[in-house]
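See below for the structure under consideration.
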Amino acid sequence: MLRLSCKFSGIVCFLFIVLSLCYFNIPITNASTEFDFGTLAISSLKLLGDAHMKNGSVRLTGDLPVPNSGAGKVLYSSPVKFREPGTHFPASFSTFFTFSVTNLNPSSIGGGLAFVISPDDDTVGDAGGFLGLVNETGWPSGFLAVEFDTLMDVEFKDINGNHVGLDLNSMVSTQVADLDATDIDLKSGDAVNAWIEYDGSSGVFNITVSYSNLKPKEPLLSFNLDLDQYVNDLMYVGFSGSTQGSTEIHSIQWWSFSSSFDSTSGSSISLSPPPPTTSFMNTTATVRSPPPSIAPSGSSSESSTTTSQKNSKSSSCHNQLCKQGPGAVAGVVTAGAFVLALFAGAFIWFYSKKVKHVKNSDSLATDMIKTPREFSYKQIKSATKCFNANRIIGHGAFGTVYKGILPETGDIIAVKRCSHNGQGKNEFLSELSIIGTLRHRNLVRLQGWCHEKGEILLVYDLMPNGSLDKALFEARMPLPWPYRRKILFGVASALAYLHQECENQVIHRDVKTSNIMLDEGFNARLGDFGLARQIEHDKSPDATVAAGTMGYLAPEYLLTGRATEKTDVFSYGAVVLEVASGRRPIEKDVSTAGKVGVCSNLVEWVWSLHREGRLLSAADARLGDEFDEGEMIRVLMVGLACSHPDPLARPTMRGVVQMLVGEAEVPIVPRAKPSMSFSTSHLLLSLQDSVSDCNAMINISTSSSENDFNGIDLV
Numbered sequence: 001m002l003r004l005s006c007k008f009s010g011i012v013c014f015l016f017i018v019l020s021l022c023y024f025n026i027p028i029t030n031a032s033t034e035f036d037f038g039t040l041a042i043s044s045l046k047l048l049g050d051a052h053m054k055n056g057s058v059r060l061t062g063d064l065p066v067p068n069s070g071a072g073k074v075l076y077s078s079p080v081k082f083r084e085p086g087t088h089f090p091a092s093f094s095t096f097f098t099f100s101v102t103n104l105n106p107s108s109i110g111g112g113l114a115f116v117i118s119p120d121d122d123t124v125g126d127a128g129g130f131l132g133l134v135n136e137t138g139w140p141s142g143f144l145a146v147e148f149d150t151l152m153d154v155e156f157k158d159i160n161g162n163h164v165g166l167d168l169n170s171m172v173s174t175q176v177a178d179l180d181a182t183d184i185d186l187k188s189g190d191a192v193n194a195w196i197e198y199d200g201s202s203g204v205f206n207i208t209v210s211y212s213n214l215k216p217k218e219p220l221l222s223f224n225l226d227l228d229q230y231v232n233d234l235m236y237v238g239f240s241g242s243t244q245g246s247t248e249i250h251s252i253q254w255w256s257f258s259s260s261f262d263s264t265s266g267s268s269i270s271l272s273p274p275p276p277t278t279s280f281m282n283t284t285a286t287v288r289s290p291p292p293s294i295a296p297s298g299s300s301s302e303s304s305t306t307t308s309q310k311n312s313k314s315s316s317c318h319n320q321l322c323k324q325g326p327g328a329v330a331g332v333v334t335a336g337a338f339v340l341a342l343f344a345g346a347f348i349w350f351y352s353k354k355v356k357h358v359k360n361s362d363s364l365a366t367d368m369i370k371t372p373r374e375f376s377y378k379q380i381k382s383a384t385k386c387f388n389a390n391r392i393i394g395h396g397a398f399g400t401v402y403k404g405i406l407p408e409t410g411d412i413i414a415v416k417r418c419s420h421n422g423q424g425k426n427e428f429l430s431e432l433s434i435i436g437t438l439r440h441r442n443l444v445r446l447q448g449w450c451h452e453k454g455e456i457l458l459v460y461d462l463m464p465n466g467s468l469d470k471a472l473f474e475a476r477m478p479l480p481w482p483y484r485r486k487i488l489f490g491v492a493s494a495l496a497y498l499h500q501e502c503e504n505q506v507i508h509r510d511v512k513t514s515n516i517m518l519d520e521g522f523n524a525r526l527g528d529f530g531l532a533r534q535i536e537h538d539k540s541p542d543a544t545v546a547a548g549t550m551g552y553l554a555p556e557y558l559l560t561g562r563a564t565e566k567t568d569v570f571s572y573g574a575v576v577l578e579v580a581s582g583r584r585p586i587e588k589d590v591s592t593a594g595k596v597g598v599c600s601n602l603v604e605w606v607w608s609l610h611r612e613g614r615l616l617s618a619a620d621a622r623l624g625d626e627f628d629e630g631e632m633i634r635v636l637m638v639g640l641a642c643s644h645p646d647p648l649a650r651p652t653m654r655g656v657v658q659m660l661v662g663e664a665e666v667p668i669v670p671r672a673k674p675s676m677s678f679s680t681s682h683l684l685l686s687l688q689d690s691v692s693d694c695n696a697m698i699n700i701s702t703s704s705s706e707n708d709f710n711g712i713d714l715v
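Everything in the sequence shown is counted per my numbering, starting at 1 for the first residue and increasing by one.
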């Protein structure tokens, strides 16, 4: 009886609330949202990743003096209603913000920021060109963003390193505008003002950018957009940013946002004015003009008029209800009971969906974990058909590679079966400890490992187009130039990541075409980390016995045994010349060498053509005229710059990336190849040892480049 009484009291209380809401004409849910930095509490902002507050502004990325790659997000903590449930009628919204991109090192650029409408408030995507919006697998999906990009990413079809773009569930912009045409430089450090507006009635989306405090009459971009296709009923709004091996700082200095379902609002939504210029400005940015006051004049009077009209309507509604008598009240009570039943049903439905969502989220979280896992020997044996010889797809220095199909998932994998010796075990430990912690779109992904029954097995994603070596020299048709250019850019990006963006610097030590794999889209994936070494940044590496493949080894590495990032750069230079010319770094036999003159060494041959002013003659003859001459010369010059005998004269891999996309000039390469010079205090081998081994070096250089020079003692 008491329980029933409590339930009845609860119903009465609920009906009283419903009646009160009807009585005072207060909506149950507020469909509009409005806020700005001037009235927003810090607790209303959710900072994710590297995002942090500093000097009254929000910085999306870290303030580090050394080049790094990171990502951060700031979101309004409450979800915003972007469409009506059921009808899917989209909201009109307008946002204004002031931002700046400053750089602690002007020569280290890369990254950007974006205004984002996101389906969730707890994930940060990958750094670099992904701008913290998504990761390389495309998760999470269902986002809308307006990007302000400072680096040209060929992968995402960027037009340059200074543009604005609209991203819809993808980093490839559907709408794009060149900011160079408006004399706006995102990397200048100046404060930039941006207006983004959407009219839910007409479907018109406008993006306006200016240094000025006055909004330009004409938007930078204006187009029709069906917002309903890209948003849920509730979404989160904010900003995302990332660095890409750079020292960029992305600051949001002012932000206003307003949304409404009023069909007459559209782009006329009023936003609160920004604060004085000294309140939320980044002290390192040069402000060309104060932030604009975008509230229309007379807004206060209009607001008071609207308020008085609302109060008048509310009072009228109340008086009419009273005049209707008990019958009207009874009708409201009946309606309240009906609403209560709807609420109860909605609560049960929502609760069941939430439980299901939690289960699905757990499953999704499991699927998203990409760290290497342990496979059973039984799984690998079944996948490779008992290591059938017909499944062999390659041989490496330390083992054999098999194609496999996992029976439980149908996934196609590559299995490296390590040699049964001490060096094979060392390679296994090195590869597992290094590549297992790395994540980059141009690295072969290690799925897992198996160490049972005396076997050491590494499981990778299978690359359907094999190695770059086979694509260059064993394919029936020559590899097209656009693919070659894309591959070289991908390898450069991977090495820049290893050298400059990892917590500990990774020296690959075995960069060559046979270790560069090609996925289904002929994107480069650098693999085989068996010889790789990790060292702390700015630390000198220890001397070891030289390991690698002749033709790709830097001269100072052969003499000192010290592998540095510049030895990887030299190896990359050999790959560049090999890809551009279609010739191996060291020719296999005398007859083949005769085709390229007296030099059997590819670097020597290309440099001799450069000395004669005939550099373009080094281009692969099989390409015919199916390449851009300017691009070919640029690539060959990059290859020679990386092949410079002096390691200090070689560029960094981050610099190479910028050279390949035209964001940096290729350094001047001397016509005559310079001679090498070393400090004798750093020599691992004595001069007598080096001279006595000269004949052995010549014999090795004329052998096949397939033969690895792994740990051969030169002494």
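Here a beta-carbon is modelled for each residue, glycine too, at the ideal position from N, C-alpha and C.
Please report the straight-line C-alpha distance between residue i and residue j, rounded to a whole angstrom.
i: residue 169; j: residue 92; result: 20 Å
i: residue 641; j: residue 156; result: 27 Å
i: residue 61; j: residue 94; result: 25 Å
i: residue 463; j: residue 84; result: 45 Å
i: residue 122; j: residue 130; result: 17 Å
i: residue 250; j: residue 42; result: 18 Å
i: residue 586; j: residue 380; result: 37 Å
i: residue 117; j: residue 378; result: 46 Å
i: residue 663; j: residue 412; result: 38 Å
i: residue 403; j: residue 103; result: 47 Å
i: residue 190; j: residue 465; result: 46 Å
i: residue 602; j: residue 407; result: 45 Å
i: residue 96; j: residue 194; result: 6 Å
i: residue 527; j: residue 81; result: 46 Å
i: residue 202; j: residue 255; result: 25 Å
i: residue 627; j: residue 575; result: 18 Å
i: residue 231; j: residue 175; result: 18 Å
i: residue 180; j: residue 556; result: 43 Å
Pull the bridge partners of residue i from the DSSP assignment, please.
i: residue 669; result: DSSP output for residue 669 lists no bridge partner at all.
i: residue 165; result: 147 and 176
i: residue 53; result: 58
i: residue 243; result: 111
i: residue 386; result: For residue 386, which the question treats as bridged, DSSP gives no partner whatsoever.
i: residue 104; result: Beta-bridge pairing links residue 104 to no other residue.
i: residue 373; result: 448
i: residue 82; result: Answer is none; residue 82 lacks a bridge partner.
i: residue 77; result: In DSSP, residue 77 forms no bridge with anything.
i: residue 223; result: 205
i: residue 586; result: 601
i: residue 68; result: 246
i: residue 439; result: In DSSP, residue 439 forms no bridge with anything.
Would you call residue i buried or exposed, if buried means 16 or more other Cβ atoms sit within 10 Å of its Cβ?
i: residue 390; result: exposed
i: residue 395; result: exposed
i: residue 87; result: exposed
i: residue 257; result: buried
i: residue 477; result: exposed
i: residue 453; result: exposed
i: residue 676; result: exposed
i: residue 616; result: exposed
i: residue 612; result: exposed
i: residue 433; result: exposed
i: residue 234; result: exposed
i: residue 600; result: buried
* If we count Cβ pairs, one from each stretch, closer than 8 Å, do we get three or more for the region 161-175 versus the region 213-221? -> With three or more CB-CB distances shorter than 8 Å, the region 161-175 counts as touching the region 213-221.
**OP:** Return the chain-ordered ranges of every alpha helix (DSSP H) run that is complete within the region 182-221 and spans a minimum of 4 residues.
**Re:** If only uninterrupted alpha helix (DSSP H) runs of at least 4 residues are considered, none is enclosed by the region 182-221.
Which runs of the beta strand (DSSP E) spanning at least 3 residues fall entirely within the region 590-660, listed in chain order?
With a minimum length of 3 residues, no continuous beta strand (DSSP E) run stays inside the region 590-660.
**Request:** Report the residue ranges of all beta strand (DSSP E) runs contained in full by the region 463-546; include only those spanning at least 3 residues, in chain order.
**Result:** Complete beta strand (DSSP E) runs here, min 3: 505-507, 516-518, 524-526 and 533-535.
Below 8 Å, how does it come out for the region 493-505 and the region 644-651: are there three or more Cβ pairs, yes or no? Flag = no, the region 493-505 and the region 644-651 do not touch.
Q) Does the count of Cβ pairs from the region 51-60 and the region 194-207 closer than 8 Å reach three? A) No: the two stretches stay apart, fewer than three of their Cβ pairs being nearer than 8 Å.
* Are the region 69-81 and the region 43-51 touching, with three or more C-beta to C-beta distances below 8 Å? -> The region 69-81 makes contact with the region 43-51; the number of CB pairs closer than 8 Å reaches 3 or more.
**Asked** Are three or more beta carbon pairs between the region 616-624 and the region 472-490 nearer than 8 Å?
**Response** Per the Cβ contact rule, the region 616-624 is in contact with the region 472-490 (3 or more Cβ pairs under 8 Å).
Three or more C-beta pairs under 8 Å: does that hold for the region 511-529 against the region 659-676? As far as the Cβ criterion goes, the region 511-529 does not touch the region 659-676, which means the pair count is below three.
Practice task
Count the C-beta pairs between the region 653-662 and the region 488-500 that are closer than 8 Å, then say yes if the count reaches three, no if not.
Solution key: As far as the Cβ criterion goes, the region 653-662 touches the region 488-500, which means the pair count is three or higher.
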